[in-house]
Structures are given as C-alpha cells and as structure tokens.
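Undergrad: Please see the structure below; I have some questions.
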Amino acid sequence: MVWNMLLVICFKTKRAAAKDWGMYYNGASIIRKREMGSSIYEVKQKGKLKGYSYSAANEGEHSVSISLPPNGERFVGSIHSHGDADAEHINNKFSKADIKYIEKTKENGYLATPSGDLLEYNPYSKKTSIVTSDLPSDPKDPKRKNNINPKDIPAEKGKQRMKELLQKPDLNIPVSQREHIHWVF
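The sequence shown runs 1 to 185 under full-length UniProt numbering.
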C-alpha cells in the first residue's frame, strides 16, 4: 500500500498566505536573481473552506509562469516576486504584464518586491496597496524598506532534507556487527 500524504499549511486569509510565501520565497528570488511565482488556492475539507495556501513556486529569469494549484484546488489569487534590484527592469511595482494577467484572472494578485514590500493589486478597484513592508529585501535596493537580509530558504530546506535522507539510521547494533551491514540508498 502506498500512502500519498501531503502536508498543507493553511492560512486564514489570502493575504496571510501571500505574506508567508513572501517570507519563504522572496529571499531566494533576490539571491538567485530570478522571478518566482505561485497560485494561492482554497483549502477545503469535506467541501468546507478551511483557509488558503500556495503552490510550490515556479522560477523564471525575467518573467515567470505561475504554478498551478495542486489536485485541482480552486485558484483564488497569484503571487510572484521580481528577483533582485535590477536597474533594467521594473522591480518594486506591478508591471503592465502583471496587471494584465491579474485582470484576466479576476482574482487579487500579490507581488513580493526587492525593497521588502508585499503589494496587492485588486482587479476590480484597479488599486495597489501595501500589505506589509517586512519581507526579506535586497541590500542593493535604493528603495529598501527594512534591514531583513535575504536567505535562500528553499535551498536551505532542500539541503537539510537531503542530509536527513542520507543519514544512516541508528539501529542499536553492536559495533562489532556493523561492518556486516550494507547500506543501499
């Protein structure tokens, strides 16, 4: 029997899910100098809304395709980042292409900026608001809003997970018998 269990972290609001995404991915986006993007989706249990979460991020150079919600969950928003502070590109606000996409989906869109802002664009009011200014930020950004240095949390977690997977289990076997064990990974 194979168990396919997925742990989903659930947030009370779309904004809370977007902020968590920004805390997790914005530092990686800045360090890698690449855009990242995900869907925000509804989490339901037995047909009842439990909250919101986000899909694992896709990565792109100067644009990104938003990853889809898992298991056909209902899309209720998008979030992406603009990478590092780069004088050649629009960094700290939604681009025209971003706004066009959000208006097409008719769901709010969020942007994690190199300055440390999390922005929200509402396609109905056509207004942008600041959700928070305490995301990891690029030290090179002249419009930096805070002193929260970026970290590549997804890479750090990946290395940690790999280390855990490669650890040999402690089987409480006497030292004299350990040489007869052949580990297969």
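Even for Gly, the Cβ is constructed at its ideal location relative to N, Cα and C.
Which class does E107 belong to by DSSP, given the choice of helix, strand or coil?
TA: Three-state DSSP puts E107 in coil, outside helix and strand.
Undergrad: Could you name each continuous alpha helix (DSSP H) segment of 4 residues or more that falls completely within the segment 121-170, going from the start of the chain to the end?
TA: Here the runs fully enclosed are 153-166.
Undergrad: Y124 to T105, Cα distance in whole Å?
TA: One C-alpha to the other measures close to 11 Å.
Undergrad: Using the three-state DSSP reduction, which class does S95 fall into: helix, strand or coil?
TA: Reduced to three states, the DSSP call for S95 is coil.
Undergrad: Output needed for A69: all residues of its chain with C-beta closer than 6 Å, excluding positions within five of it in sequence on either side, in chain order.
TA: Looking at the sequence shown, residue 69 is not Ala but Pro. Same-chain partners within the cutoff: S39, Y41, S55, F75.
Undergrad: Buried or exposed for P139, please, with buried defined as at least 16 other CB atoms from any protein chain shown within 10 angstroms of its CB.
TA: Classification for P139: exposed.
Undergrad: Output needed for I99: all residues of its chain with C-beta closer than 7 Å, excluding positions within five of it in sequence on either side, in chain order.
TA: Cβ within range, chain order: Y121.
Undergrad: In the DSSP assignment, find the alpha helix (DSSP H) that holds S29 and state where it starts and stops.
TA: Its alpha helix (DSSP H) spans residues 14-32.
Undergrad: According to DSSP, is I102 helix, strand or coil?
TA: Of the three classes helix, strand and coil, the one that applies to I102 here is helix, per DSSP.
Undergrad: Under 9 Å, do S78 and I102 count as touching if we go by C-beta distance?
TA: Yes, the pair counts as a contact, with Cβ atoms nearer than the cut-off.
Undergrad: Between which residues of its own chain and N58 is the CB-CB distance below 6 Å, once the five residues before and five after are set aside?
TA: These residues qualify, in order along the chain: G37, V64, S65, S67.
Undergrad: Buried or exposed for E156, going by 16 or more other Cβ atoms inside 10 Å?
TA: So E156 ends up on the exposed side.
Undergrad: Count the other C-beta atoms from every protein chain shown that fall within 10 angstroms of the C-beta of K46, then say buried if there are 16 or more, exposed otherwise.
TA: By the 10 Å Cβ count, K46 comes out exposed.
Undergrad: Quick one: what's H82 bridged to in DSSP?
TA: H82 pairs with nothing; no bridge assigned.
Undergrad: Per DSSP, what are the beta-bridge partners of A112 in this structure?
TA: According to DSSP, A112 bridges with S81, L118.
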